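Peer 1:
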């Protein structure tokens, strides 16, 4: 059976939408106060690109702003996200703790690989005490590229993983699994897209399904 499971964070373990709208509105209100933005907060545009690294987020949401303003906005947004996490305004998806517990009981090692920044990920890990089960958490900040497959490769290389799976809601997670010869498990959750999930080896509608799916999975054939 699969012995190593690498999870995405946003839209897979953490219900990012719970704090996304609030934090983004706070950020764009700050821009309005500084006369750097007019109009509504581009929440739907952000939702449409959810899962990409933050530098790409701000290039998309603030295409006409200079890089220093994007960097300031990024820092402010991060501070609001963390504040809202620590204030308990976010939430994990149902069954995260129970699924992690059962997987560890079955002999699985759990990792997190995310496009989120270290400080943000640490806030979630600490608030929900996920380090009870998670071996190590990896942030996109740890690699030079923005390719999630490269991030997963760091985990694969360090822990010499051959029989593993990547669990995530977006195409970057599916591609990261395939790039490293791992099973891809797509999550049909908030930010998922049908055309992306179609490329996964298998798709779940809830994390609880993993407790029966993981034990039944084996290493992909070399031709896959």
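Numbering (my numbering), first residue to last: 175 to 398.
All residues carry an ideal CB built from backbone N, CA and C; glycine is no exception.
Treat the numbers as computed from the prediction; the structure is a model and nothing was measured.
(1) Looking at the structure shown, is residue 249 part of a helix, part of a strand, or coil, going by DSSP?
(2) Would you kindly check if the distance between the Cβ of residue 360 and the Cβ of residue 269 is under 8 Å?
(3) By DSSP, does residue 358 sit in helix, in strand, or in coil?
(4) Measuring CB to CB, does residue 303 end up less than 8 Å from residue 317?
(5) Let me check one thing: in DSSP terms, what residues is residue 338 bridge-paired to?
(6) Please work out which residues of its chain come closer than 6 Å, Cβ to Cβ, to residue 330, disregarding the five sequence neighbours upstream and downstream, and give them in chain order.
(7) Could you check the C-alpha separation between residue 245 and residue 192 for me, to the nearest Å?
(8) Along the beta strand (DSSP E) that carries residue 298, what are the first and last residues, could you check?
(9) Label residue 370 either buried or exposed according to how many other C-beta atoms from any shown protein chain fall within 10 Å of its C-beta, with 16 as the threshold for buried.
Peer 2: So, from the listed chains and residues:
(1) On the chain shown, residue 249 is found 75 positions in, with the first residue counted as 1. Reduced to three states, the DSSP call for residue 249 is helix.
(2) Taking the first residue of the chain shown as 1, we reach residue 269 at position 95. Taking the first residue of the chain shown as 1, we reach residue 360 at position 186. Using a Cβ distance threshold of 8 Å, residue 269 and residue 360 do not count as a contacting pair.
(3) Position 184 of the chain shown, counting from 1, holds the residue named residue 358. Looking at residue 358 - three-state DSSP - the assignment turns out to be strand.
(4) As a working mapping, residue 303 is identified with position 129 in the chain shown. As a working mapping, residue 317 is identified with position 143 in the chain shown. Taking 8 Å as the Cβ cut-off, residue 303 and residue 317 do not qualify as a contacting pair.
(5) Numbered from its first residue, the chain shown carries residue 338 at position 164. In the DSSP assignment, residue 338 forms a beta bridge with 178.
(6) On the chain shown, position 156 is the one that residue 330 refers to. Sequence-distant Cβ neighbours of residue 330 in its own chain, meaning closer than 6 Å and more than five residues away, are 354.
(7) In the chain shown, the residue the question calls residue 245 occupies position 71. In the chain shown, the residue the question calls residue 192 occupies position 18. Residue 245 and residue 192 have their C-alpha atoms some 24 Å from each other.
(8) Against the chain shown, residue 298 aligns to sequence position 124. Segment 292-301 is the alpha helix (DSSP H) holding residue 298; no beta strand (DSSP E) there.
(9) Here residue 370 refers to the residue found at position 196 when the chain shown is read from its first residue. Around the CB of residue 370, 16 or more other CB atoms lie within 10 Å, so the residue is classed as buried.
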